[in-house]
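Working notes for the structure below.
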Amino acid sequence: MEEKLATLEGGRGGTVTSSGHAAETLALFPLMAPGMEVIVADKLYGGTINLMGKSYRKFGWNAVFVDTDNPEGFRRAVTEKTRAIFIENLANPGGVVADLEAIAKVANEAGVPMVVDNTMATPFLSQPFEWGADIVVHSTTKFLSGQGNALGGVVIDSGKFPWLGNSKYPSLSEPSPEYNGLTFAETFGDLAYTMYSHAISLRDLGCSQSPMNAWITLNGIETLPLRIERHCSNALAVAQFLEKHPSVEWVSHAGLESSPYYELGKKYLPDGTGSVFTFGVKGGYESGLKMLETVELFSHVANIGDTHSLILHPASTTHRQLSEEQLITAGAGPEVIRLSIGIECAEDLIADLDQALKRL
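Its first residue numbered 1032, the sequence shown is counted upward by one per residue in the numbering used here.
Set out below in structure tokens:
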């Protein structure tokens, strides 16, 4: 599984983990130390915001949140303590498209790796290494597995970041006492990061993926191209319908010409802008909750990337631990509904949403 996913992303090596959050932690483990900082895009999955903004403080790691839409903000946030930049290239929940090339330039000038969560786009729609990313992570539970029945994550290294002699990253550039003074960057070259992830990070954090989950995910990957094409075409059709509906205030889907991310979507995601997006219902929080009760084909589930279409009210579920300001920033305000469009008949999905909206 590691070899297949590394190949799909065009990377040098991979490390599979027990979950997507485990992959994020494993990705940063060789880079961070107490008192060090990671610059984080502010438009992220709510669980990642909590993980980086709160839980990582227990490690002494400090997350500095920056507006995803402003690459210069990343530049201004760089300090001597910065050890990585972390972004979602297609953000959950609103489908915000990050300017990978511009942010990668900032990371390169700062001499730190850019870590990209490619879960929402998958390697079929986007390959972040082509735009300057150094490390890619996925929650394989989502589109790669395709059915939401196998937890997992993966960390993939490009093999291009210069670890050798880099004093910012002593775990890789200095002798390791755990292995009798072995220096990972010197001994393993462009596989240094992946070897460290296996030999130390995975061993000590204990977040190995089960063989059964790896087998299920590998089976899912075989149908990834077929599924993603249908996911994307269905999602665009649904988004276009919602954009014209009188009970809908707005729709956030980068495939719509009205989207502020339309041009970035064409640049970074020319084959489709994903199937997870949000829209705002008129009536706010209460209408959002009622929407969940009136749909018939959509399942009320917090997962994404399933072959079945899923619906969620982020403010009361995945993002409920955030402050009101954080909810708005993350694109998960009180009126927001998130859809993960599956591979059913688009006309059936549209009919279901239409009847639900008419009952609000």
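All residues carry an ideal CB built from backbone N, CA and C; glycine is no exception. Just so you know, these numbers come straight off a predicted model, no measurement behind them.
- In the three-state scheme derived from DSSP, where H, G and I count as helix and E and B as strand, Gly1220 is classed as helix.
- Minimum Cα-Cα distance from Asn1093 among the listed residues Gly1104, Ala1115 and Ile1381 corresponds to Ala1115.
- DSSP places Met1145 in the strand class (E or B) of the three-state scheme.
- Taken through DSSP and simplified to helix, strand or coil, Val1269 comes out as helix.
- Of the candidates Val1282, Asp1379, Leu1384 and Pro1365, the residue whose Cα lies closest to the Cα of Thr1325 is Leu1384.
- Asp1073 and Thr1079 have their C-alpha atoms spaced approximately 10 angstroms apart.
- Pairing Val1147 with Phe1117, the inter-Cα distance amounts to about 6 angstroms.
- For the pair Ile1166 and Pro1144, the CB atoms are nearer than the 9 angstroms cut-off.
- In the DSSP assignment, Glu1366 falls outside any alpha helix (DSSP H), carrying neither H nor E.
- Distance from the Cα of Ala1346 is smallest, within the candidate group Gly1077, Ser1050 and His1052, for Gly1077.
- Thr1309 is the residue among Phe1174, Glu1040 and Thr1309 whose C-alpha sits nearest the C-alpha of Gly1286.
- The Cβ atoms of Lys1191 and Ser1278 do not sit closer than 9 angstroms to each other.
- About 7 angstroms separates the Cβ atoms of Ile1335 and Leu1341, confirming a contact at the 8 angstroms cut-off.
- Taking each of Leu1057, Ser1176, Cys1376 and Asp1098 in turn and checking the Cα distance to Leu1267, the smallest one comes out for Cys1376.
- The C-beta distance from Gly1179 to Thr1172 rounds to 6 angstroms, short enough to meet the 8 angstroms contact threshold.
- Inclusion of Val1186 and Ala1064 in the CB contact set at 9 angstroms is not warranted, their separation being larger than that value.
- Under the three-state reduction of DSSP output, His1052 falls in the helix class.
- Runs of the alpha helix (DSSP H) lying entirely within the region 1306 to 1339, each at least 4 residues long, are 1315 to 1325 in chain order.
- Gly1126 is the residue among Leu1257, Gly1126 and Gln1352 whose C-alpha sits nearest the C-alpha of Ser1283.
- Excluding residues up to 5 positions away in sequence, Thr1153 and Gly1336 lie with their Cβ nearer than 6 angstroms to the Cβ of Phe1174 in the same chain.
- Judged by beta-carbon spacing, Thr1099 lies within the 9 angstroms limit of Ala1122, meaning their Cβ atoms are closer than that value.
- Between Lys1112 and Glu1140, the CB-CB gap reaches or exceeds 9 angstroms.
- In the DSSP assignment, Glu1205 falls outside any beta strand (DSSP E) and carries neither an H nor an E.
- Judged by beta-carbon spacing, Ser1204 lies within the 9 angstroms limit of Gly1196, meaning their Cβ atoms are closer than that value.
- Ranked by how close their Cα comes to the Cα of Glu1103, the residues Leu1222, Lys1297 and Glu1132 have Glu1132 in first place.
- DSSP lists Val1185 as the beta-bridge partner residues of His1169.
- Short of 6 angstroms from the beta carbon of Gly1303, and not among the five residues preceding or following it, lie these beta carbons of its own chain, in chain order: Leu1156 and Cys1263.
- A distance below 7 angstroms between beta-carbons, with the five flanking residues on each side excluded, links Asn1244 to the following residues of its chain, in chain order: Ala1181, Leu1182 and Gly1183.
- For Asn1081, the enclosing alpha helix (DSSP H) stretches over residues Gly1077 to Gly1084.
- One thing to note: Ala1054 has its Cβ no nearer than 9 angstroms to the Cβ of His1229.
- Burial of Gln1158 is indicated by the presence of at least 16 other C-beta atoms within 10 angstroms of its C-beta.
- The three-state reading of DSSP puts Ala1072 in strand, counting E and B together.
- C-alpha of Ala1164 to C-alpha of Asp1379: approximately 39 angstroms in a straight line.
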